[in-house]
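See structure below.
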Amino acid sequence: MMNPWDEVMGLNAADTIDSQIYQSNFISRDLSWLTFNYRVLDQAKKEERSILDRLRFLAITSSNLDEFCTIRLGSLYNYIDYGKERFDYSGLREVTFRKHLLSQIQKFVEAENSYYIESLKPLFESNGFRITDYHSLSPEHMRLVNQYFERTIYPMLTPMLFDNYHTFPVLKYNRLLFGVITKNPQDSNNQLRVSFIQVPSNIPRFYEILNIDHTISFVPLEQIIQNNIHQLFRNVEIEAINLFRINRNGDFTLEESEDIESNFLEELKRKLQTRRTGRVVKLDIQGKPSLWLLRLLKIQWDIDDLNIFQIPAQGLIDYSGLNQIINHKEFKDKGAILPPSRTPVSFPEFGTRDIFEVLKERDVLLHHPYDSMDPLLELIEKAAEDPMVLSIKITIYRVAKDSRITAALLRAAENGKHVAVLFEVKARFDEENNLREAQRLQKAGCFVIYGVSSLKTHTKLLLIVRNEPDRVYRYVHLASGNYNESTSRIYTDVGLLTTNESYAHDVSEFFNVITGHSQPSAYRNLITSPRDMRIQLCNLIKREAENFKQGLPAGIVIKMNSLQDREFINALYEASQAGVPIKLIIRGICCLRPGRKNLSENIEVISIVGEYLEHSRIYYFHNAGNPKVYIGSADAMVRSFDRRIESLFSLEQEMLKKQAMNILKFNLKDNVNAYFMQENGDYTVKEQNGEQPFNIHKEFYKITQDTFRDVSLF
Numbered sequence: 021m022m023n024p025w026d027e028v029m030g031l032n033a034a035d036t037i038d039s040q041i042y043q044s045n046f047i048s049r050d051l052s053w054l055t056f057n058y059r060v061l062d063q064a065k066k067e068e069r070s071i072l073d074r075l076r077f078l079a080i081t082s083s084n085l086d087e088f089c090t091i092r093l094g095s096l097y098n099y100i101d102y103g104k105e106r107f108d109y110s111g112l113r114e115v116t117f118r119k120h121l122l123s124q125i126q127k128f129v130e131a132e133n134s135y136y137i138e139s140l141k142p143l144f145e146s147n148g149f150r151i152t153d154y155h156s157l158s159p160e161h162m163r164l165v166n167q168y169f170e171r172t173i174y175p176m177l178t179p180m181l182f183d184n185y186h187t188f189p190v191l192k193y194n195r196l197l198f199g200v201i202t203k204n205p206q207d208s209n210n211q212l213r214v215s216f217i218q219v220p221s222n223i224p225r226f227y228e229i230l231n232i233d234h235t236i237s238f239v240p241l242e243q244i245i246q247n248n249i250h251q252l253f254r255n256v257e258i259e260a261i262n263l264f265r266i267n268r269n270g271d272f273t274l275e276e277s278e279d280i281e282s283n284f285l286e287e288l289k290r291k292l293q294t295r296r297t298g299r300v301v302k303l304d305i306q307g308k309p310s311l312w313l314l315r316l317l318k319i320q321w322d323i324d325d326l327n328i329f330q331i332p333a334q335g336l337i338d339y340s341g342l343n344q345i346i347n348h349k350e351f352k353d354k355g356a357i358l359p360p361s362r363t364p365v366s367f368p369e370f371g372t373r374d375i376f377e378v379l380k381e382r383d384v385l386l387h388h389p390y391d392s393m394d395p396l397l398e399l400i401e402k403a404a405e406d407p408m409v410l411s412i413k414i415t416i417y418r419v420a421k422d423s424r425i426t427a428a429l430l431r432a433a434e435n436g437k438h439v440a441v442l443f444e445v446k447a448r449f450d451e452e453n454n455l456r457e458a459q460r461l462q463k464a465g466c467f468v469i470y471g472v473s474s475l476k477t478h479t480k481l482l483l484i485v486r487n488e489p490d491r492v493y494r495y496v497h498l499a500s501g502n503y504n505e506s507t508s509r510i511y512t513d514v515g516l517l518t519t520n521e522s523y524a525h526d527v528s529e530f531f532n533v534i535t536g537h538s539q540p541s542a543y544r545n546l547i548t549s550p551r552d553m554r555i556q557l558c559n560l561i562k563r564e565a566e567n568f569k570q571g572l573p574a575g576i577v578i579k580m581n582s583l584q585d586r587e588f589i590n591a592l593y594e595a596s597q598a599g600v601p602i603k604l605i606i607r608g609i610c611c612l613r614p615g616r617k618n619l620s621e622n623i624e625v626i627s628i629v630g631e632y633l634e635h636s637r638i639y640y641f642h643n644a645g646n647p648k649v650y651i652g653s654a655d656a657m658v659r660s661f662d663r664r665i666e667s668l669f670s671l672e673q674e675m676l677k678k679q680a681m682n683i684l685k686f687n688l689k690d691n692v693n694a695y696f697m698q699e700n701g702d703y704t705v706k707e708q709n710g711e712q713p714f715n716i717h718k719e720f721y722k723i724t725q726d727t728f729r730d731v732s733l734f
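Quick look at the structure:
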């Protein structure tokens with residue numbers, strides 16, 4: 021009899037589906053995302069990395085997949101469960117696409133587990149640690165582990181029975197769970213019953229034992245519970261114990277609310293609750309599962325074999341649990357050591373001159389993490405204390421824990437300054453933290469806006485108004501990245517600090533729009549959404565096509581996280597057909613199909629995946645030799661153009677424009693972290709072909725103004 025998982029992996033119609041997908045001029049957003057997660061998994065396979073770094077990337081693939089299933093797979097089920105029609109970019113209808121997508125996720129999970137078991141796990145012992153099976157413990161260590169169970173774990177466990185007299189419990193998503201099947205020897209009907217136990221998430225995933233040889237044994241919490249679980253079931257027989265974990269549909273849309281202060285926040289809180297009870301979209305179950313339990317769960321959650329992922333006993337459910345080992349204090353010298361940030365190229369005096377005075381002289385472009393976030397933090401912290409500062413306005417999407425930004429805003433409010441904060445409480449998976457931080461600011465006297473109706477505010481803007489002896493100055497920061505000092509060390513982002521009045525005018529106008537009821541007539545430097553970003557960017561692409569047709573120099577280079585908007589892609593296709601050379605640096609999702617004859621022959625797509633998360637967005641248009649360069653928060657996504665408040669801004673100072681162009685040039689030159697995208701949507705590693713390795717995550721630490729003084733892209 022064929023194993024149901026083998027059947028999943030060998031869909032009879034796979035070849036036909038692949039052929040249909042290939043015929044489309046657009047690549048599926050979801051399938052493209054899966055290829056991105058394979059590129060992240062590739063980072064775990066790089067043998068030059070330390071074992072902890074390799075495990076870190078494996079853990080990232082696991083948390084990535086959780087979010088993908090919660091949101092994207094969840095979104096697909098919104099159509100299926102409610103009988104709504106949906107065509108994927110691949111051309112497949114919702115039901116067919118569900119089968120294909122889940123089969124591809126199955127392949128990824130199999131690859132992830134195989135690599136962990138066969139290639140990473142054997143390296144643990146030589147690196148000073150091991151993940152130790154419960155049954156491999158010495159008698160003394162087993163005594164310690166059992167004592168830990170009895171004193172700490174046992175009081176936290178609650179069996180939840182499901183039978184004719186007990187309703188099916190609401191089991192938490194992304195939490196390790198046990199399904200324990202029992203029967204009562206006194207029951208003449210020999211009836212099976214199941215109890216569910218949720219593994220505590222507020223204690224460490226592994227119990228740590230320091231061995232005599234100074235290595236550390238990590239004993240999985242789930243194994244400790246499983247081997248002591250009989251203590252929760254007295255006088256009954258345990259037929260089977262299964263460890264599993266579920267992802268629920270967490271995709272929801274907040275409705276517009278007239279009463280922001282009460283209705284909106286209450287609606288947000290209610291929607292967050294639905295994540296805890298949303299339909300199950302994925303079930304991971306370890307080892308050989310009980311068919312009786314599987315049948316029960318399939319019926320209860322309306323899932324089939326495609327939704328069920330069998331995890332080998334030698335593997336782990338949820339590799340993000342490895343972060344306890346990755347971040348262990350004993351292994352600090354074994355992980356990646358991030359280089360110290362350099363002095364900003366456009367701000368060599370940082371630390372020796374007053375930042376307010378420097379910004380009155382010139383603009384400063386920061387490229388994180390190579391440039392520290394300290395100039396920005398210093399600006400905000402000085403503004404909070406400076407008696408000449410009248411007001412601070414800022415948009416916040418995600419902040420660090422113990423954020424210096426929010427601490428400064430609190431001090432500014434206490435010092436009597438007007439502080440206005442648009443705190444986006446709809447930032448996915450940060451909703452609760454953002455809501456809590458926003459309420460802290462509001463209680464301190466800040467004017468807090470909890471987002472703008474049904475739109476998500478993703479733009480990154482800061483405005484500081486300072487009344488100086490000669491006049492009032494407006495200090496502005498515009499950026500691609502969040503106001504988060506933690507992620508600024510591992511995300512590549514760009515930001516502009518300026519007192520230029522044209523920027524200040526636009527940002528002031530933009531704050532009036534998002535905090536009030538203003539409708540601006542025009543911006544000087546900003547391109548915004550949902551107002552007109554799509555049409556303006558498409559017009560810039562069309563202008564390149566017209567220039568090329570007229571024999572003028574033309575070219576486009578764009579760096580972003582994701583490319584999905586159909587109208588934007590079609591504009592690129594038309595420019596390619598006109599002859600315009602187009603180079604795209606797309607880290608993740610790319611729905612454009614490059615290199616197709618008579619469609620996109622002049623389009624090249626690369627993806628950079630390496631030590632840092634590429635997060636900056638830079639749009640370059642050659643403009644007949646007078647380049648236009650835009651930086652900002654927006655990807656070319658439908659959500660960015662239609663459902664988010666986003667902004668892009670043009671660089672005006674020539675040296676800063678060249679600095680941004682050099683970022684693009686280095687990205688195109690990278691031959692260590694780069695992948696070429698093929699016409700079929702697959703990616704191949706960029707070959708060095710005898711060239712010296714060029715790793716942008718190292719090279720950007722070395723640049724000076726001389727590096728990009730004569731930079732050219734076309």
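Here the sequence shown is numbered in the working numbering, starting from 21 and rising by one per residue.
Glycine included, every Cβ here is placed at the ideal spot set by N, Cα and C.
Item	Value
Element boundaries [alpha helix (DSSP H), containing LEU396]	394-405
Same chain only: Cβ atoms within 6 Å of GLU275, ignoring 5 sequence neighbours per side	Only weak support is given to the placement of GLU275: the predicted model assigns it a pLDDT of 41, under 50, and the value that follows is read from those uncertain coordinates. Counting only Cβ-Cβ distances below 6 Å, and skipping sequence neighbours, we find nothing.
Buried or exposed by the 16-neighbour rule on C-beta atoms within 10 Å, applied to LYS65	exposed
VAL165 - DSSP class collapsed to helix/strand/coil	helix
Meets three-Cβ-pair contact criterion under 8 Å: the segment 689-700 and the segment 518-531	no
Beta-carbon proximity of TYR650 to LEU676, cut-off 7 Å	no
The segment 435-455 / the segment 615-626 touching (three or more Cβ pairs under 8 Å)	no
Span of the alpha helix (DSSP H), counted from its first residue to its last, around GLN126	114-135
Contact under 7 Å by Cβ, ILE576 with GLU564	yes
C-beta atoms of GLU257 and LYS302 nearer than 7 Å	no
Simplified DSSP state of MET408, which is helix, strand or coil	coil
Beta-carbon gap between LEU461 and ILE534 smaller than 7 Å	no
Terminal residues of the alpha helix (DSSP H) in which SER660 lies	658-662
Cβ-based neighbour list, LEU612, same chain, cut-off 6 Å, excluding 5 preceding and 5 following	LEU583 and ILE589
Identity of the residue in SER549, VAL514, ASP513 and ARG424 nearest PHE530 by Cα	SER549
Cβ separation of GLN167 and ARG195, assumed to be a contact under 8 Å, to the nearest whole Å	Incorrect: roughly 25 Å between the Cβ atoms, too far for contact.
Proximity below 7 Å, CB of GLY608 to CB of ASN581	yes
DSSP-derived helix/strand/coil call for GLY199	strand
Three-state class that DSSP yields for LEU140 in the structure shown	helix
DSSP beta-bridge partners of ASP513	HIS388
Distance, GLN124 Cα to GLY515 Cα	38 Å
Chain B within 7 Å of PRO368, Cβ atoms only	Judged by its chain identifiers, the structure shown contains no chain B, having just a single protein chain.
Proximity to ILE561 [Cα-Cα], best of GLN570, ARG551, ALA574 and GLY371	ALA574
Assigned exposure category for ASN327 - 16 Cβ within 10 Å defines buried	buried
Candidates ILE71, THR152, ALA458 and LEU386, of which the one nearest PRO3 by Cα	With the chain represented from 21 up to 734, any question about residue 3 goes unanswered, as that position is not in the structure.
Assigned exposure category for ILE357 - 16 Cβ within 10 Å defines buried	exposed
Cβ neighbours of ILE337 in the same chain (closer than 7 Å, five flanking residues each side left out)	LEU196, LEU263, ARG265, ASP304, GLN306 and ILE331
Where the beta strand (DSSP E) through ASP304 begins and ends	300-306
Candidates LEU498, LEU410, SER70 and THR372, of which the one nearest ILE416 by Cα	LEU498
Cβ distance (whole Å) where GLU491 is taken to contact VAL485 below 8 Å	Reading off the sequence shown, one finds Arg at residue 491, where the question assumed Glu. Incorrect: roughly 11 Å between the Cβ atoms, too far for contact.
Local conformation of ASN267 per DSSP, three classes	strand
Short Cβ contact (7 Å threshold) for GLU398 with ILE375	yes
Whether SER44 touches GLY111 by CB criterion (7 Å)	yes
CA-to-CA distance, GLN246 to LEU177, given in whole angstroms	12 Å
Among ILE400, ALA595, LEU619 and PRO389, nearest to GLY501 - alpha-carbon criterion	PRO389
Residue burial classification, GLU457 (beta-carbon count within 10 angstroms, cutoff 16)	buried
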